[in-house]
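K.L.:
Quick one: this structure, given as C-alpha cells, is what I'll be asking you about.
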Amino acid sequence: MVGAPAPIAPSAVTEYLDRYPSVICREEFDTAICALDDEFRRRWDEQQEQERQKSAKR
3 MVGAPAPIAP SAVTEYLDRY PSVICREEFD TAICALDDEF RRRWDEQQEQ ERQKSAKR
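Here the sequence shown is numbered in this note's numbering, starting from 3 and rising by one per residue.
This is the structure in C-alpha cells:
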C-alpha cells in the first residue's frame, strides 16, 4: 500500500512566496492552493480505491 500524500504545509507556501512574490493577496492565494491540494488528494484517494478494487478482483 502506498502512503497518502500529505497536505501542503503553510510553511511551504510561505517559502514559495518569499522566492516568487505574487500580486494576489495571500488569503486568496492560500485559498486557491488549499483547494487545488484538496482536489488533488481527493482524486488520489479515488485512484487508490479503484486500484484496490482491481487488486481484490484478481
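For glycine and all other residues, C-beta sits at the position ideal for the given N, C-alpha and C. Note that the structure is a prediction, hence the values are computed from the model and not measured.
For the alpha helix (DSSP H) containing residue 43, name the first residue and the last one.
P.N.:
Counting along the chain, the alpha helix (DSSP H) containing residue 43 begins and ends at 28-59.
K.L.:
Would residue 9 and residue 39 qualify as a contact pair, given that the criterion is a beta-carbon distance under 8 Å?
P.N.:
Yes, they are a contact pair.
K.L.:
Throw me the rounded Cβ distance for the residue 43 and residue 7 pair, which I believe falls under 8 Å.
P.N.:
With a Cβ gap of about 6 Å, residue 43 and residue 7 count as contacting.
K.L.:
Pick helix, strand or coil for residue 25, following the three-state DSSP scheme.
P.N.:
Residue state, collapsed to three classes: coil.
K.L.:
From residue 5 to residue 21, what distance separates their C-alpha atoms?
P.N.:
Residue 5 and residue 21: Cα-Cα distance of roughly 29 Å.
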